Each structure stands twice: as structure tokens, then as C-alpha cells.
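There are 2 protein chains.
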Amino acid sequence: MNKSDLQKVHRRIKPYIHRTPVLTSQLLNQISGVDLFFKCENFQKMGAFKMRGATNAILNLTKAQQSKGVVTHSSGNFAQALALAAKSVGVKAYIAMPENAPQVKKDAVLGYGGIIRECDSNTVAREAAADKIRQETGATFVHPSNDHDVIHGQGTAAIELLEDYPDLDYIFTPVGGGGLLAGTILAANAFSEVCKVIAGEPENADDAYRSLISGKIELNESANTIADGLRTNLGDRNFPIIKEYVEQIILVNEQDIIDAMKLIWERMKIIVEPSSAVAFAALLKHKDHIKGKKAGVILSGGNVDVSNLPF
Amino acid sequence: MNKSDLQKVHRRIKPYIHRTPVLTSQLLNQISGVDLFFKCENFQKMGAFKMRGATNAILNLTKAQQSKGVVTHSSGNFAQALALAAKSVGVKAYIAMPENAPQVKKDAVLGYGGIIRECDSNTVAREAAADKIRQETGATFVHPSNDHDVIHGQGTAAIELLEDYPDLDYIFTPVGGGGLLAGTILAANAFSEVCKVIAGEPENADDAYRSLISGKIELNESANTIADGLRTNLGDRNFPIIKEYVEQIILVNEQDIIDAMKLIWERMKIIVEPSSAVAFAALLKHKDHIKGKKAGVILSGGNVDVSNLPF
Chain E
1 MNKSDLQKVH
11 RRIKPYIHRT
21 PVLTSQLLNQ
31 ISGVDLFFKC
41 ENFQKMGAFK
51 MRGATNAILN
61 LTKAQQSKGV
71 VTHSSGNFAQ
81 ALALAAKSVG
91 VKAYIAMPEN
101 APQVKKDAVL
111 GYGGIIRECD
121 SNTVAREAAA
131 DKIRQETGAT
141 FVHPSNDHDV
151 IHGQGTAAIE
161 LLEDYPDLDY
171 IFTPVGGGGL
181 LAGTILAANA
191 FSEVCKVIAG
201 EPENADDAYR
211 SLISGKIELN
221 ESANTIADGL
231 RTNLGDRNFP
241 IIKEYVEQII
251 LVNEQDIIDA
261 MKLIWERMKI
271 IVEPSSAVAF
281 AALLKHKDHI
291 KGKKAGVILS
301 GGNVDVSNLP
311 F
Chain R
1 MNKSDLQKVH
11 RRIKPYIHRT
21 PVLTSQLLNQ
31 ISGVDLFFKC
41 ENFQKMGAFK
51 MRGATNAILN
61 LTKAQQSKGV
71 VTHSSGNFAQ
81 ALALAAKSVG
91 VKAYIAMPEN
101 APQVKKDAVL
111 GYGGIIRECD
121 SNTVAREAAA
131 DKIRQETGAT
141 FVHPSNDHDV
151 IHGQGTAAIE
161 LLEDYPDLDY
171 IFTPVGGGGL
181 LAGTILAANA
191 FSEVCKVIAG
201 EPENADDAYR
211 SLISGKIELN
221 ESANTIADGL
231 RTNLGDRNFP
241 IIKEYVEQII
251 LVNEQDIIDA
261 MKLIWERMKI
271 IVEPSSAVAF
281 AALLKHKDHI
291 KGKKAGVILS
301 GGNVDVSNLP
311 F
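Residue numbers (the working numbering), protein chains in the order written: chain E, 1 to 311; chain R, 1 to 311.
Dropping the structure here:
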């Protein structure tokens, strides 16, 4: 996707999203030896970058499609994002959610006006439930990460970051389903001649790392990581982009993630979720290779249960 | 103190402090029915507004005084603020700290280049220790809150807030030692025709509230509040300002403070300390009286032990 197409995406969703601030920290620059620019998607509407992709997907539908609503299956940030984006545009959102999903997540979706259909918690049951809704209502299915409109929408965070700081050498993102990473790559390629994209991934859910080595989409047999947003697998729409252009995927262990999260909380006084800390943990692990460089870090979100912290 | 004098203070300290951002939140506006403008001193250098007053006090010394350093007694944010401000200006800072103060606080002072002298933890011992340092070194004593230069420095947060949002109807601050409240009042009086200042205070350390009623400085017999920055008493330099001009002091209980703190953390995704939450808790308690008005809230700091939270 070229620069003007991505600019069109950005213009389209702008009225519905926050232009989030970019924060800097002298202390974290000192600790890392890198000039850091944190793109604060934890301050995005509903608390995560997923608002961008969800909004773009809905706005790209025809009026006829919009009148029948959208549907997805998710128990995480994307469920809330689709519900809120749909509400902003005036469209119905149906969410297939596992019946054992935490009440607080169900309440958040309901609070944004989403319509919940409960289902069993396994992937097959979720997909079947979403498909049933689609058939019954005519709603359009929107995948949380493996959808071109979603990928392009997620890329707008990097567009804003590069508009603010055009001379970044690197952008670090987490990788889970691959939507944010693929979108960031497209934006970096279109808006910078030099900026490379590096992803952080939990060791305990290292499907993207292994996919890059094998050249085909690998799955996680288990995904026991605190970074709950990153337990999902890549898809056939985002993997080709990632495979061709990602500079590197860096694995981090659970303690790396917790330490990086605590460092951001304590030094920057902002709340980020573990998935955001994965990107920064990867940067810290890689810091000796990028000394003195300018690096953006996409802080993907801030939805975390503050009553139940890992430190 | 008139507007041009306060502007002079602001210009003097500007190179040494952050101009902190003002954040807004549609969700908290909805919850409160008030148009809210949060002045984020939790993002200030060393994590609290106290950096402003400490810097002003040091810059106002003569070169001869500066060459002998500054001294204070504090186990909290002011110890760190004076140490860092002194380091920025190139001056020595001696801090009398109770020997039983948490190591993390001692380390923070040492990290900023402060010179610690340990003493017993009661007020008499602290004052004696500070006085001994003063006699031995010739350093100038700087009180954390009952000092005109400190008061004027703390007022610069409200100056910036009113520069950004000149039509505020109210500014809410916490009140502990009274430096921030008195400085905010001076700034509001000088920079606005209409803006009134309201303070929040913990029920469990309600000395300022009682002082306002009795007309003389009252002390706390005990001060068992989570808002550890607000356990101190008013002084003879700040009380006259507070007595004459504060619109109201609103008491809040411990649960009010914890609830307000959690609300800010969860909804705004920023880390504030309990003392900051006191100002917002007071606003929430008072919200029906200021419906539809524009209110600034000074989030005084973000230095909190994230491993030991009240929720």
C-alpha cells in the first residue's frame, strides 16, 4: 500500500480516534543508550490501538453493509474496539464471547453498546458462533488482525509517530496476531526511507518467531504468557508482509516483560499493559546494537487489571 | 505577589523544570458532570510539583549562599526535589533523613546527588539535625512548604494551567504543608479574574480544615492517611494566604481517596500518588455544586510504590 492510500486511511479514521501523544524520558534514554519515542496508544480511545483498525474496517463498508452491522469473536481489546467504533459510526456490533470471559470484559463491551452472544471458549466454537451471527443477521465479519482494512488502520499509529519524528531509525512493536506489526511495516516503508521495524514476542508464545524461520505460519501449542494480547497466531493477510519486511523478531521471557512494564510504570508514570512492555523489553534486550539511534516504541495499550499486578 | 513577579519566578525556573501536559478525559467529564483539566505534575522531574519550589528557592540564593549549599529535613518528595534541583543548578544539598526511612527513598536522594545525614525520626530530632548541618556547613535551610520562594515556585503549575486554559472556574489542589495550595491561590488571583481555589484534605489529617475554622494553625495529633504527602501541618508563611483566599477545604475519607486514585489509573492510564487523588476525590464529592463548570485539578505527583497498592 502506498503513501497516499495510507494517508487516505488516516484521514478517514481521524475524526473517530485520538491523535495520541509521543512521550520521551531522559531516564529511559540513559538506561537504554537509545533516543526513545513512546507512541502512547494506551491513551487511545478504549485504551488500545485496536480502535484504529476496527474503525477503518467499519468505515470501509458500504452503507448497505453498515446497515446490517459487524461481527467478530474476541474476548480482548478488539471486542471493545469494534463495539466502540461501531457505536461511533452508528452501526451494530455483535461479539461472540466465551461464556467464561471475565465479567469486566463483558461489561466493557456492553458499555460500548456491543451485543454479546456467548459461546464455548475454544476457537472452533467461537468461529462457529460468529459465523452463525453472520448468517442470521447479514453482519460483516471483521477479523481482529487478519484483515487488510484492520492492518491499514493499525498502521496509522506509526504514520503519526513518523509525522512527529520523521528521522526514526527503528520502530518497535509487539507481535501477536500480526495486525499491528504488518500495519507498522507498511507505514514505515511508505513514510520513511530508513526506518526499520523490529518486533518483540513472548518466548512462551513464539509462533511469529518460528514462522519467520520456517517460512510458513506456525501455531502456538500453548501460550502461557502474561502478555494476554499476544497469544494469537499470524494470518495469511499479515504474514506475507511481516515475512518480507520485518527486520527482526526478538523473543523476551516473562521476567523481561514484567521488568520492562514496571520500568515504564515507575519512570514514565503511565499505565501500559504487558503486551506493550513486550516491545520495550525487546528494545532493552537489543539496546547494544542500536546505541545512539532514534527508536519509536508503540505502547499498544493500557487495559490492565490494576488490582492484579505481576509486581 | 503580583502577576509580573510571578511571571519572573516562572521564567527563572523554566529551564530546570518540565512544562507538564494538561490531560482531559471524556469519561471522567461524564462521571463528574464537570469539564476537567488535569495538570500532570506526576510527569514533572522527579515525579512531583515539589521540583518547582525547590528550584526557585535555590535560584533565589546569592552566589555566596549557593556555594555553601542547601539543607532540608524531609523523608518524602521534597528531599528528592531539593537534591535534584541542587544538582541541576550545581549546588550541594544536605538532607536530614530519619534513619528508618525506606531505603528506596534514601537511594533516590543519593541518586540525585544529595548528601544524607541520618537522624531519629521525630520532628525535634529532624529539625536539630538540619540545624546542625546548617551551622557546620553554612548551608541555607529550605523548608518544604513554609517558605515564600517555595510557595511561589509551586504556584507556577497553576500559572501554566491558566495559560493553557484561561477560563477555568476552579482549581482543585490537595493541602498538606500548604505550599502548593498557597502558591496556587497566588497564581489564580494574579492570572484570573474568576478562578477560585478549592482544596482537598484527608479526614485523617484535617489540620488545615480545622485551622480555617479556628483561625489559627492547628496540628494533627495523628495523621493515619494513605496520602503520605499530606500528613504535615501548615506554616505561618502559607496559612495567612490560605485563610484569606481559599474558597473551601473539602474533607475526604480513605476510601474516597482510594476510589479516586483507582478511577484516574484505570480511566486515564496514568499513575498518580494518593495525595493527587485527594484533590480529585474532593472534586467528586463537590461535583453537584459545580455542574458544567471548568475545573483544573493539580495532580501533584506520581511517586508511589507500584508493588504495594491499596487496590
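C-beta: ideal position from N, C-alpha, C; glycine also. Note that the structure is predicted; figures quoted are calculated from it, not measured.
Sequence-distant residues of its chain with Cβ nearer than 6 angstroms to residue i (five each side left out)
i        : result
E/Ala208 : Val175, Glu201, Leu234, Ile249
R/Ser121 : Pro98, Asn100
R/Val304 : Glu273
E/Lys93  : Here residue 93 of chain E turns out to be Ala, not Lys, going by the sequence shown. Closer than 6 angstroms at the Cβ level, and outside the excluded window around E/Ala93, lie Val70, Leu82, Ala83, Ala86, Gly114.
R/Thr232 : Gly176, Gly177
Cross-chain neighbours of residue i in chain E, by beta carbon under 8 angstroms
i        : result
R/Gly111 : Correct list: empty, because the minimum Cβ distance to chain E is about 10 angstroms.
CB contact below 8 angstroms: residue i versus chain E
i        : result
R/Ser32  : no
R/Gly114 : no
R/Val306 : yes
R/Asn238 : no
R/Lys132 : no
R/Lys262 : yes
Within 8 angstroms, strictly: CB atoms of residue i and residue j
i        : j        : result
R/Val71  : R/Arg134 : yes
E/Ile95  : E/Gly296 : no
E/Thr173 : E/Leu162 : no
R/Met51  : R/Ala190 : no
E/Gln44  : E/Thr20  : yes
E/Met97  : E/Glu118 : yes
E/Thr55  : E/Gly183 : no
R/Met137 : R/Gln65  : Note that residue 137 of chain R is Thr in the sequence shown here, rather than Met. Cβ distance not < 8 angstroms, so R/Thr137 and R/Gln65 don't count as in contact.
R/Asp164 : R/Val22  : yes
Cα-Cα separation, residue i to residue j
i        : j        : result
E/Ile58  : E/Asp149 : 9 angstroms
R/Leu32  : E/Asp236 : The sequence shown places Ser at residue 32 of chain R, rather than the Leu named in the question. Distance between the alpha carbons of R/Ser32 and E/Asp236: 46 angstroms.
E/Val104 : E/Gly114 : 14 angstroms
E/Ser192 : E/Leu186 : 10 angstroms
R/Val89  : E/Val246 : 45 angstroms
E/Glu203 : R/Cys195 : 54 angstroms
R/Asp131 : E/Leu299 : 47 angstroms
R/Phe239 : E/Pro144 : 57 angstroms
R/Ile217 : R/Leu283 : 24 angstroms
E/Ser307 : R/Val124 : 39 angstroms
R/Tyr16  : E/Ala81  : 40 angstroms
E/Ala86  : R/Lys293 : 31 angstroms
E/Asp35  : E/Ala188 : 18 angstroms
R/Ala79  : E/His289 : 37 angstroms
E/Val91  : E/Pro102 : 25 angstroms
R/Asn60  : E/Ala223 : 58 angstroms
E/Ser211 : E/Gly178 : 12 angstroms
E/Thr24  : R/Gln30  : 30 angstroms
R/His18  : R/Ser75  : 23 angstroms
R/Lys14  : R/Ile198 : 26 angstroms
R/Leu309 : R/Trp265 : 12 angstroms
E/Glu160 : R/Gln255 : 40 angstroms
E/Lys39  : E/Ala108 : 24 angstroms
R/Ser4   : E/His286 : 50 angstroms
E/Ser67  : E/Lys106 : 24 angstroms
Chain-order list of residues whose beta-carbon lies under 7 angstroms from that of residue i (same chain, five-residue window excluded)
i        : result
R/Asp147 : Ala57, Arg237
E/Ile257 : Pro202, Ile226, Ala227, Pro274, Ala277, Val278, Ala281
E/Gly155 : Leu6, Gly183, Thr184, Leu186, Ala187
E/Asp167 : Lys294
Same chain only: Cβ atoms within 8 angstroms of residue i, ignoring 5 sequence neighbours per side
i        : result
R/Gly215 : Lys243
R/Gly301 : Glu41, Asn42, Gln44, Gly47, Ala48, Phe49, Lys50, Asn77, Gly229, Val272, Glu273, Ser275, Ser276
R/Leu27  : Arg267
R/Phe311 : Ile258, Met261, Lys262
R/Asp206 : Asn220, Leu251
R/Lys291 : Gly33, Val34
Proximal chain E residues relative to residue i, where beta-carbon distance stays under 7 angstroms
i        : result
R/Ile270 : Lys269, Ile270, Ile271
R/Glu266 : Val306
Minimum Cβ-Cβ distance from residue i to chain R less than 8 angstroms
i        : result
E/Gly302 : yes
E/Glu118 : no
E/Phe311 : yes
The ligand ZN heavy atom lying under 7 angstroms from the CB of residue i
i        : result
R/Ile250 : Absence of the ligand ZN from the depicted structure is noted, as is the absence of any ligand whatsoever, leaving it without description.
Per-residue contacts from residue i into chain E (C-beta, under 9 angstroms)
i        : result
R/Lys291 : In chain order: nothing, as chain E lies at least about 23 angstroms away.
> Which residues, in order along the stretch 38-54 of chain E, keep a beta-carbon less than 7 angstroms from a beta-carbon of chain B?
Replying inline: Among the protein chains of the structure shown, namely E and R, there is no chain B.
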